[in-house]
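Each step along the sequence shown adds one to the number in my numbering, with nothing skipped, and position 354 is 335. Reviewing the structure listed below.
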Amino acid sequence: MITAHPDKNGRFGEFGGKYVPETLMSVIEELEAALDEAMADESFKEEYLTNLKEYAGRPTTLSYAENVTKELGGAKIYLKREDLLHTGAHKLNNAMGQALLAKKMGKTKIVAETGAGQHGVASATIAARFGLECKVFMGAEDMERQALNVFRMEMLGAEVVPATSGSKTLKDATNEAIRYWVANAEDTFYLIGSVVGPHPYPKMVRDFQRIIGDEAKAQFLNREKHLPNEIIACVGGGSNAIGMFYPFLEDEVTLIGVEAAGLGVETDKHAATITHGRKGVIHGSLTYLLQDEAGQIIEPYSISAGLDYPGIGPEHAFLANNGRVKYEAVTDQQALDALKLLSEKEGIIPAVESAHALAKAFERAQELSPDDTILVCLSGRGDKDVHTLMKHFRGETDGK
């Protein structure tokens, strides 16, 4: 079964694994043992689900995008509304689970990395709730793009540390967070925000995010009395997508992950990791990543800070290789056009990340019949992107 992965070595087929320094292996093994114990503990799972219900606001709603469906014609479009979760994105599902695990392990501090800021906000929020110290590494360029989220993290009591190396984005923030963790692992838990990193992180994040797909499946069956024909989600590292896809992997449903094509996959300004990546190791696991002929990482580009990562979660690499999930790319402009349409027709301003999934869904809807249905994971809301959107729609972008 495709859902049986990862194996005992943390591999999804040939992808994944634990490519970490020897000094970090014992920390990883401690985490793996603690996770296995927690996930077998009914009281831990009950505490996680109760907090998601009473604090985070689950279940999130399934919305029929009736106006957009009528505007486009073709398939009916439904939205799984992770934008309505507390803090405004799916990130809190995973942060909640990992923070509870950190407490169970006796850790008093968490360190995190963030790109668009939503994982940083989720980490800061959950640290405040559970009385943990929180340090968030963030690329200096992303701090400028997501200034509102930087302020939110600071309001929540977190320390935001700029990563000033490389492209000053998520990859560099992740490097800095890992270095800090290695030096402070005794009392610090590394709260990774996506399905990346060494085993058991990709599995752990997936299992904390699968609640998106579990809820959506039940809600959709209740509403339409059958499963959707297609499910579409945006992919950077890939946590919202794997959370949405995982409960449907054994079903006859077309699954589409949407990467950021930036200014076009024919240019050198994109983050289309599967479309143009090659196998390599990044941040502790084997996966597809953007690299040159010498194996040096190529800096990704996307208007969306949350998709601006040179690698992809190893389970996505596995699902792409065996053909269970299709991965396609959408440009900045296509995403922004979709964002504007949803905003004007449905009164919902989505995150720029989510707009990539919407762009593909709007395209597919017009190719399908009115009897077909498409389910989109609306992974976050666009409040954090308003500054970027204002510059774009007012023609003030620098043309990067």
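Beta carbons: idealized from backbone N, C-alpha and C, even for Gly. Note that the structure is predicted; figures quoted are calculated from it, not measured.
- Task: Put residue 316 into one of helix, strand or coil per three-state DSSP.
- Result: Position 335 of the sequence shown, counted from the first residue, corresponds to residue 316. Three-state DSSP puts residue 316 in a helix.
- From residue -15 to residue 238, what distance separates their C-alpha atoms? Residue -15 sits at position 4 when you count from the first residue of the sequence shown. Residue 238 sits at position 257 when you count from the first residue of the sequence shown. Taking the straight line joining both Cα atoms gives about 20 Å.
- Message: Could you give the first and the last residue of the continuous beta strand (DSSP E) run that contains residue 61?
- Response: For this step, residue 61 is matched to residue 80 along the sequence shown. Note, residue 61: beta strand (DSSP E), 57 to 62.
- Query: Looking at the structure shown, is residue 347 part of a helix, part of a strand, or coil, going by DSSP?
  - Reply: Position 366 of the sequence shown, counted from the first residue, corresponds to residue 347. Helix.
- Query: Under 8 Å between the Cβ atoms of residue 292 and residue 177?
  - Reply: Against the sequence shown, residue 292 aligns to sequence position 311. Against the sequence shown, residue 177 aligns to sequence position 196. Cβ distance < 8 Å, so residue 292 and residue 177 count as in contact.
- Task: Give the secondary structure of residue 278 by DSSP, where H, G and I count as helix, E and B as strand, and everything else as coil.
- Result: Within the sequence shown, residue 278 is the residue found at index 297, counting from 1. The answer is strand: DSSP assigns residue 278 an E or B state.
- Is residue 380 helix, strand or coil by DSSP? If you number the sequence shown from 1, residue 380 lands on position 399. In this prediction, residue 380 has a pLDDT of 45, which is less than 50 and means its spatial position is unreliable; what the coordinates show is noted afterwards. Of the three classes helix, strand and coil, the one that applies to residue 380 here is coil, per DSSP.
- How about residue 129 and residue 368: are their beta carbons less than 8 Å apart? Residue numbering aside, residue 129 sits at position 148 when the sequence shown is read from its first letter. Residue numbering aside, residue 368 sits at position 387 when the sequence shown is read from its first letter. The answer is yes: Cβ separation under 8 Å.
- Message: Between 101, 295 and 312, which has its C-alpha nearest residue -12's C-alpha?
- Response: Looking up residue -12 in the sequence shown gives position 7. Of the candidates 101, 295 and 312, the one whose C-alpha sits nearest the C-alpha of residue -12 is 295.
- Going by C-alpha distance, which of 87, 135, 233 and 183 is nearest residue 101? Along the sequence shown, read from residue 1 onward, the residue named residue 101 stands at position 120. Answer by Cα proximity: 135.
- From this set, 340, 104 and 82, which residue's C-alpha is nearest residue 315's C-alpha? For the purposes of this step, residue 315 is taken as residue 334 along the sequence shown, with counting starting at 1. Nearest C-alpha to residue 315: 340.
- Message: Quick check: the Cα distance between residue 343 and residue 219, rounded to an integer number of angstroms?
- Response: Reading the sequence shown from its first residue, position 362 is the one you call residue 343. Reading the sequence shown from its first residue, position 238 is the one you call residue 219. For residue 343 and residue 219, the distance between alpha carbons rounds to 20 Å.
- Task: Tell me whether residue 190 is buried or exposed, calling it buried when 16 or more other Cβ atoms sit within 10 Å of its Cβ.
- Result: The count along the sequence shown starts at 1 and reaches residue 190 at position 209. Label assigned to residue 190: buried.
- Query: With 16 as the cutoff for other CB atoms within 10 Å, does residue 312 come out buried or exposed?
  - Reply: Residue 312 sits at position 331 when you count from the first residue of the sequence shown. Residue 312 should be labelled buried.
- Item | Residue from 363, 348 and 290 with nearest C-alpha to residue 324 | Within the sequence shown, the letter at position 343 stands for residue 324. Among 363, 348 and 290, the Cα nearest to that of residue 324 belongs to 363.
- Message: If you reduce the DSSP assignment to three classes, tell me which class residue 78 lands in.
- Response: Position 97 of the sequence shown holds residue 78. Helix.
- Using CA coordinates, which residue listed in 352, 322, 183 and 347 is at the minimum distance from residue 79? If you number the sequence shown from 1, residue 79 lands on position 98. Of the candidates 352, 322, 183 and 347, the one whose C-alpha sits nearest the C-alpha of residue 79 is 183.
- Message: Could you compute how far the alpha carbon of residue -17 sits from the alpha carbon of residue 301?
- Response: One-based indexing of the sequence shown puts residue -17 at position 2. One-based indexing of the sequence shown puts residue 301 at position 320. Near 12 Å, if we compare the C-alpha coordinates of residue 301 and residue -17.
- Query: Grouping DSSP H, G and I as helix and E and B as strand, with all else coil, what is residue 26?
  - Reply: The residue given as residue 26 occupies position 45 in the sequence shown. Residue 26 falls in the helix class under three-state DSSP.
- Item | Candidates 25, 290, 326 and 286, of which the one nearest residue 332 by Cα | Taking the sequence shown and counting its residues from 1, the one referred to as residue 332 is at position 351. If we check each option's Cα against that of residue 332, 286 comes out closest.
- DSSP state of residue 182 mapped onto helix, strand, coil: If you number the sequence shown from 1, residue 182 lands on position 201. Three-state DSSP puts residue 182 in a helix.
- Which one of 298, 353, 306 and 361 has the shortest CA to CA distance from residue -4? Looking up residue -4 in the sequence shown gives position 15. Residue -4 has its Cα closest to that of 298, out of 298, 353, 306 and 361.
- Would you list, in sequence order, the uninterrupted beta strand (DSSP E) runs of no fewer than 3 residues that lie entirely inside the region 193 to 243? 211 to 215 and 235 to 243
- Query: Between residue 374 and residue 330, what straight-line distance do the alpha-carbon atoms span, to the nearest angstrom?
  - Reply: Numbered from its first residue, the sequence shown carries residue 374 at position 393. Numbered from its first residue, the sequence shown carries residue 330 at position 349. Straight across, the Cα-Cα distance linking residue 374 with residue 330 is about 14 Å.
- Item | Backbone secondary structure at residue 191 - three-state DSSP | Sequence index remark: in the sequence shown, residue 191 carries index 210 (1-based). If DSSP states are grouped into helix, strand and coil, residue 191 belongs with coil.
- Query: If you count every other CB in all the chains shown that lies within 10 Å of the CB of residue 304, and 16 or more means buried, which is it?
  - Reply: The residue you call residue 304 lines up with position 323 of the sequence shown. Exposed, by the Cβ-count rule.
- Cβ atoms of residue 143 and residue 355: under 8 Å apart, would you say? Reading the sequence shown from its first residue, position 374 is the one you call residue 355. Reading the sequence shown from its first residue, position 162 is the one you call residue 143. No, Cβ-Cβ distance for residue 355 and residue 143 is not below 8 Å.
- Item | Limits of the unbroken alpha helix (DSSP H) element including residue 7 | Along the sequence shown, one-based indexing puts residue 7 at 26. Counting along the chain, the alpha helix (DSSP H) containing residue 7 begins and ends at 3 to 20.
- Query: So, do the region 165 to 174 and the region 91 to 107 have three or more beta carbon pairs nearer to each other than 8 Å?
  - Reply: yes
- Anticipated Cβ contact below 8 Å, residue 52 with residue 326, distance rounded: The residue you call residue 52 lines up with position 71 of the sequence shown. The residue you call residue 326 lines up with position 345 of the sequence shown. Here residue 52 really is in contact with residue 326; their C-beta atoms are around 6 Å apart, less than 8 Å.
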